[in-house]
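Below is one structure, written out as structure tokens, with a few remarks after it.
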């Protein structure tokens, strides 16, 4: 069971100060979320179409503990937890991987809600998604 | 008739070398294209839905003549020309605006084709779009 | 005194569900922050260089109340408040502007800290920035 | 020797029509270029600093042959060729990988020039970069 995602920060992902732009960290977190779903066979776009749902993010928060530059190697760890019958939350830990060891650079959390694609009303999680949440974001 | 678009380069738009990332210039060009259409009352998403079309970009080329940094003020000039019965081309000149005058930093060109949203076959330009092309991208 | 920023959501800013990507809202908030600073004569990159500082974002949180699509017209309202001697916070309200009136779509907050560009230790706000905070993000 | 790069199109990479935004394809190409350099031990930012150079892109062109959606799996093939004593060119083929086989979706080309970070004058390629070009973008 893997809930980790790893990659190198790219040249286009920094800001005028030379560090990763604050909103880009959250895009990286979403990327780790998508990768985790894919490992469970869930691709968001087709999953939305098949189940007639959307899963908007309702809330996000993040705490920045250290800077990242392009070329830095990062690992993102996810922990997925249920949130009521219609949603789930993801806690992210982003670690910079270096010769001298790992360094925590970002803590973040997103809250997700399943809604009907037509009525926009809350819906229960489809079974494959519920299983993914049950497995904490790993492959069950 | 205005085919100009002006704004300041933002903090998030640079790369690891501190200059605007090469693909971002093309996003800026598209932004100027959208602004030009909006001045003629055309908003791409609703226009696509109403006319059951898409207008994919078929080709792009760009030449980079000078660097831009965040905080730089740029003006983008558009020249729109017809391309057959189903398309149009846009030539862009991007100028850096400074105390010492203007400096040409990018020349680019995009080629656009109107296709049916269902069949993906070529379609003639809807009248409002044809009028915009006729006016060279300005308001006729 | 203006702390408002307004623009149209662009074609490139949506996600696979057709709505503005959650991290993109925060980029929009930063854009409004930069525009507010510019109106007070502060351009981040040159300001950082001149004052030998950086102003990293330490925390962010956002609450999503309604979806936005490309072509939507939004206004972002900023309220800037001091946070100790070395920082400030910005509260953002993002409103969708439509024929039927305004609709609140996002509430967000960012926390900023002034640090030395070399030592990365906390520094007091340079006078121009302190004046901008004092004016609540408007032009004093 | 590998000059291939593969990944899944992400949820944030599409535009208002639901397809990958035209400029994003070029970001993907640059990503493949960075991955290729990394396999040869070259990370752009540190390489620039160590060799006191920049390698701006002087020209780009691309031809779009088919649409991509989020969730699509793509492979990008690079072919690197020398261009005079101070530059190189990269040709990209982007293929959509599906159950029914591969489909060519983008052909692109970027032209790169090595310049001095201070004087901005042309410089010969540093040995490691020259070796990478010699190997066609693969690991020699």
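Residue numbers (the working numbering), protein chains in the order written: chain A, 4 to 143; chain B, 4 to 143; chain C, 4 to 143; chain D, 4 to 143. Positions of the beta carbon are idealized from the N, C-alpha and C atoms, including for glycine. Bear in mind that the values here come from a model prediction, so they are computed numbers and not experimental data.
Item to check | chain D within 8 Å of residue 14(A), Cβ atoms only | outcome: yes
Item to check | residue 122(B), DSSP secondary structure in three states | outcome: coil
Checklist entry - What residues are listed by DSSP as bridge partners for residue 64(A)? => result 112(A), 64(C)
Checklist entry - Near residue 66(C), which residues of its chain fall below 8 Å by C-beta distance, leaving aside the five closest residues on each side in sequence? => result 109, 110, 111
Item to check | Within chain B, partners of residue 74(C) - CB distance below 8 Å | outcome: 46, 47, 48, 49
Item to check | Alpha-carbon to alpha-carbon, residue 46(D) and residue 55(D) | outcome: 14 Å
Checklist entry - Going by the C-beta, is residue 87(B) closer than 7 Å to any heavy atom of the ligand SAH? => result Absent from the structure shown: the ligand SAH. Ligands present: none.
Checklist entry - When burial is assigned at 16 or more other CB atoms within 10 Å of the CB, is residue 113(D) buried or exposed? => result buried
Checklist entry - Which runs of the alpha helix (DSSP H), 4 residues or longer, sit entirely within the region 8–65 of chain B? => result 25–42, 47–54
Checklist entry - Given that residue 115(B) touches chain C, what residues does it touch there, using C-beta distances under 9 Å? => result Correct list: empty, because the minimum Cβ distance to chain C is about 13 Å.
Item to check | As assigned by DSSP and simplified to three states, the class of residue 128(B) | outcome: coil
Item to check | residue 78(A) vs residue 100(A) beta-carbon contact at 8 Å | outcome: yes
Checklist entry - How long is the line joining the alpha carbons of residue 128(A) and residue 120(A), rounded to whole angstroms? => result 13 Å
Next on the checklist: I'd like to know if residue 89(B) contacts chain D, where contact means its C-beta is closer than 8 Å to some C-beta of that chain.
Outcome noted: no
Checklist entry - Looking only at DSSP bridge pairs, what is residue 77(C) linked to? => result 10(C), 99(C)
Checklist entry - Is residue 83(C) helix, strand or coil when you go by DSSP? => result strand
Next on the checklist: Is there a C-beta anywhere in chain C that falls below 8 Å from the one on residue 129(A)?
Outcome noted: no
Next on the checklist: Using a Cβ-Cβ cutoff of 7 Å, what residues of the region 24–45 of chain A are near chain D? List them in chain order.
Outcome noted: 30, 33, 34, 37, 41
Checklist entry - In chain A, what lies closer than 8 Å to residue 21(B) by C-beta? => result 19, 21
Next on the checklist: Distance check for residue 53(D) and residue 53(C), CA to CA, integer angstroms please.
Outcome noted: 25 Å
Checklist entry - Checking contacts by CB at 8 Å: is residue 108(A) closer than that to chain C? => result no
Checklist entry - Can the beta-carbon of residue 61(C) be found less than 8 Å from the beta-carbon of residue 97(C)? => result no
Checklist entry - Do residue 48(B) and residue 73(C) have their C-beta atoms closer together than 8 Å? => result yes
Next on the checklist: Checking the sheet assignment: what are the DSSP bridge partners for residue 104(A)?
Outcome noted: 101(A)
Checklist entry - Mind pulling the chain C residues with CB within less than 9 Å of residue 11(B)? => result 37, 38, 41, 46
Item to check | Top-ranked residue by Cα proximity to residue 12(D), from 7(C), 18(C), 135(C) | outcome: 18(C)
Next on the checklist: Taking the beta carbon of residue 40(A) as the centre, do at least 16 other beta carbons fall within 10 Å, making it buried, or is it exposed?
Outcome noted: buried
Item to check | Distance, residue 88(A) Cα to residue 106(B) Cα | outcome: 58 Å
Next on the checklist: I'd like the list of long-range same chain contacts for residue 27(A), defined as Cβ closer than 7 Å, with 5 residues on each side in sequence excluded.
Outcome noted: 16
Next on the checklist: Just to make sure I have the definition right: I need the residues of chain B whose C-beta is within less than 7 Å of the C-beta of residue 57(D). Which are they?
Outcome noted: 20
Checklist entry - Based on the DSSP secondary-structure assignment, which residues constitute the bridge partners of residue 90(B)? => result 86(B), 116(B)
Item to check | Helix, strand or coil at residue 4(D) according to DSSP, with G and I counted as helix | outcome: Its pLDDT being 45, under 50, residue 4(D) is placed unreliably by the model, and nothing is read from it.
Checklist entry - For residue 72(D), does the three-state DSSP call read helix, strand or coil? => result coil
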